[in-house]
Amino acid sequence: MKAGALAVVVILGAVLIFCSHGFPPWGDPASPASRHVSPYYIEKSMRDTSVPNIVTAVLADYRGYDTMFETIVIFTAGIACIFLLRTPQKTKTETRLYRHVPTGITLRIEKGGKFPEDSIDFERIDSEWVPYDLIVKTTCRLIVPFIQLFALYVIAHGHYSPGGGFQGGVILGAATLLLAVAFDLRSAKRRLSEKMAAILGTLGVFIYAGTGIACMILDANFLDYSALAPLLGVDSISARSYGILIVEVGVGMAVMAVMVMLYYNISSAGKQDEGL
Amino acid sequence: MFWQIEFFIFIIVIILAVGAISVKDLLSAAILFGAYSFMMCLLWAIMGAVDVAFTEASVGAGISTVLFVAAVFRTSRRTKD
Chain V
2 MKAGALAVVV
12 ILGAVLIFCS
22 HGFPPWGDPA
32 SPASRHVSPY
42 YIEKSMRDTS
52 VPNIVTAVLA
62 DYRGYDTMFE
72 TIVIFTAGIA
82 CIFLLRTPQK
92 TKTETRLYRH
102 VPTGITLRIE
112 KGGKFPEDSI
122 DFERIDSEWV
132 PYDLIVKTTC
142 RLIVPFIQLF
152 ALYVIAHGHY
162 SPGGGFQGGV
172 ILGAATLLLA
182 VAFDLRSAKR
192 RLSEKMAAIL
202 GTLGVFIYAG
212 TGIACMILDA
222 NFLDYSALAP
232 LLGVDSISAR
242 SYGILIVEVG
252 VGMAVMAVMV
262 MLYYNISSAG
272 KQDEGL
Chain C
235 MFWQIEFFIF
245 IIVIILAVGA
255 ISVKDLLSAA
265 ILFGAYSFMM
275 CLLWAIMGAV
285 DVAFTEASVG
295 AGISTVLFVA
305 AVFRTSRRTK
315 D
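Chains as they are written, first to last, in my numbering: chain V, 2 to 277; chain C, 235 to 315.
Shown next as structure tokens:
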């Protein structure tokens, strides 16, 4: 069985490597892609959209339809993860562990006992043994705002430098994940609840698709941002640049929310009470 | 340009890929896969695809490693085969 699988993999890999000689060489100026499509983008994208980063202009403007469905694919992955993993949460019937912070004593409270919910001296901990790591918590709490600021910069500066909605959204989600890993799932959920993540995810996709619909209402093609010029109060070329920014914000929101939803569900096996 | 650096990174990518599928400990496999993503990110950056490199660094080396570690944490750490 294993030898057969190895043979199949080796043969398929050999065929793929052999066929890759049929491609034009890397960076070949005479290849079909470099002769027909690329010159148009390189020459016209700055004049059409006033966006210096050609990759952003192609992704969000010329190929905006593709990017919209990429966002929907990611959103669908988040929805599928919820459907597969999410189980109803048990409330106040299970055994919980609390740590008395000043002394470091761990209390195990059986079901039916009184939980010290609002006390500042007690903090709830996960049922796997969790050490009290002040250095990790403090460091993560200090760097999380900078990560979030950098993510916003990546989204907003995607017109001029590498980056954009996807990368910025992922970094924004990673900041919440870092919080959830360093502290616990509950303190991350207090900042960004499950419901809020779902709302942000749907809102992000809605912003993207809604921009396209708004263009259609204003007598243009779907996702033709130049039609938004009268709404934004700028000329039609700048309107394409602003339209790209609007959809990038939508992509960032959707991706951030989906990454957080995936982590919440996977790390707690769908129960969303105790995380990693 | 600098084909020696590219060649060196390419060798590391192959070693990490083989290691990630052959190691028995799934947590190690997740870490190796993250390192593989980071080396791929360097390759993209050398080839001039900076946007792809950025995506690979944030998604491949960042988020997906965390999700793999979370999945290993909730299932089993040893692989059966």
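Virtual Cβ for every residue (Gly too), placed ideally from N, Cα, C. It should be emphasised that the depicted structure is a prediction, and the values quoted were computed from it without experimental measurement.
Item: Entirely enclosed beta strand (DSSP E) segments - the region 28 to 114 of chain V, minimum 3 residues; Value: 97 to 101, 106 to 110
Item: Residues of the region 283 to 296 of chain C whose Cβ lies closer than 9 Å to any Cβ of chain V, in chain order; Value: Ala-283, Val-284, Asp-285, Val-286, Ala-287, Phe-288, Thr-289, Ala-291, Ser-292, Val-293, Gly-296
Item: Whole-Å CB distance - Ser-242 (chain V) paired with Thr-50 (chain V), under 8 Å assumed; Value: 6 Å
Item: CB contact check: Leu-277 (chain C) to chain V, cutoff 8 Å; Value: no
Item: Any C-beta of chain V under 8 Å from that of Val-300 (chain C); Value: yes
Item: Contact between the region 143 to 154 of chain V and the region 34 to 44 of chain V (3+ Cβ pairs under 8 Å); Value: no
Item: Members of the region 164 to 180 of chain V that neighbour chain C once the beta carbon cut-off is set at 8 Å; Value: Gly-164, Gly-165, Phe-167, Gln-168, Val-171, Ile-172, Gly-174, Ala-175, Leu-178
Item: Burial state of Asp-285 (chain C) (16 or more Cβ within 10 Å); Value: buried
Item: Short CB-CB distance (under 8 Å) between Phe-244 (chain C) and chain V; Value: no
Item: Cα-Cα separation, Thr-72 (chain V) to Tyr-209 (chain V); Value: 9 Å
Item: Neighbour flag for Ala-270 (chain V) against chain C, beta carbons, 8 Å; Value: yes
Item: Burial state of Met-260 (chain V) (16 or more Cβ within 10 Å); Value: buried
Item: Chain C contact residues for Val-56 (chain V), given Cβ-Cβ distances below 7 Å; Value: Asp-285
Item: According to DSSP, residues forming a beta bridge with Asp-259 (chain C); Value: C:Arg-312
Item: CB of Ser-128 (chain V) within 8 Å of CB of Leu-186 (chain V), strictly; Value: no
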